[in-house]
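Data block below; observations after.
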C-alpha cells in the first residue's frame, strides 16, 4: 500500500492548528469551502468539491496532537484510505506530519493527489498564519 507524506512547519500554536483541522470553520478555511464537520469521533465530515464529495469518518481526535480520518465515500481510489495529521510543538512553530495512506498503487490519480495535497498544506499554513487560506 502506498502513502502520501508531507511535513510542514507552521508559525502557529497547537490550538490554532487543531481548530483548523477539526472544526467546520477551520476546514472550510483551507481545504473545501463547502464543509460540514464537527470535532467528534465517529461522525462524518463532508467536503464538497466541484464534481465530487469526500466523506470522512472521524476515527481519532487527540486535542492539540492528532486528527485521524477514514475515507468512507469519495472517488474510487480514495475509498478506504486514511488521512492523518499529527502535530508537534516546536517552540514558536508547529510541525505537522500529514499522511494519506492505504492507496492501492502509484497511479496517475495518486500523483495528482500528491500535488494537490502539497497545495492544500500550503493553504493550511497560510490559513493558520494569516487567517486566509485557499480552499477549493
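Residue numbers (the working numbering): 0 to 135.
Glycine included, every Cβ here is placed at the ideal spot set by N, Cα and C.
Quantities reported herein were computed from a predicted structural model and do not represent experimental measurements.
Looking at C-alpha atoms only, which residue of the options is the closest neighbour of residue i?
{"i": "residue 65", "options": "93, 51 and 29", "result": "93"}
{"i": "residue 86", "options": "58, 13 and 0", "result": "13"}
{"i": "residue 76", "options": "116, 91, 96 and 105", "result": "105"}
{"i": "residue 69", "options": "62, 83 and 19", "result": "83"}
{"i": "residue 89", "options": "103, 132 and 8", "result": "8"}
{"i": "residue 6", "options": "126, 52, 116 and 41", "result": "116"}
{"i": "residue 0", "options": "74, 50, 55 and 98", "result": "98"}
{"i": "residue 80", "options": "101, 91 and 67", "result": "101"}
{"i": "residue 134", "options": "18, 32 and 10", "result": "32"}
{"i": "residue 52", "options": "128, 20, 78 and 61", "result": "78"}
{"i": "residue 128", "options": "118, 16, 4 and 3", "result": "16"}
{"i": "residue 74", "options": "19, 50, 2 and 95", "result": "50"}
{"i": "residue 122", "options": "61, 20, 54 and 71", "result": "20"}
{"i": "residue 56", "options": "63, 40 and 62", "result": "40"}
How far does the beta strand (DSSP E) with residue i in it extend, from its first residue to its last?
{"i": "residue 124", "result": "First-last for residue 124: 107 to 129, but that is the alpha helix (DSSP H), not the beta strand (DSSP E)."}
{"i": "residue 102", "result": "92 to 102"}
{"i": "residue 2", "result": "1 to 9"}
{"i": "residue 138", "result": "Since the first residue shown for the chain is 0 and the last is 135, residue 138 is missing from the structure and cannot be characterised."}
{"i": "residue 60", "result": "52 to 61"}
{"i": "residue 84", "result": "81 to 89"}
{"i": "residue 43", "result": "43 to 47"}
Within the continuous alpha helix (DSSP H) that includes residue i, where are the two ends?
{"i": "residue 29", "result": "23 to 29"}
Let me know the secondary structure DSSP gives residue i once reduced to three states.
{"i": "residue 20", "result": "helix"}
{"i": "residue 76", "result": "coil"}
Can you tell me the Cβ-Cβ gap for residue i and residue j, rounded? I've got them flagged as a contact below 8 Å.
{"i": "residue 130", "j": "residue 29", "result": "No, residue 130 and residue 29 are not in contact; Cβ-Cβ is about 10 Å, not under 8 Å."}
Assess contact between the stretch 27 to 36 and the stretch 45 to 56, defined as three or more Cβ pairs (one per stretch) separated by less than 8 Å. Is contact present? Judged by Cβ distances under 8 Å, the stretch 27 to 36 makes contact with the stretch 45 to 56, as three or more pairs qualify.
Take every Cβ of the stretch 20 to 35, pair it with every Cβ of the stretch 102 to 111, and state whether three or more of those distances are shorter than 8 Å. no
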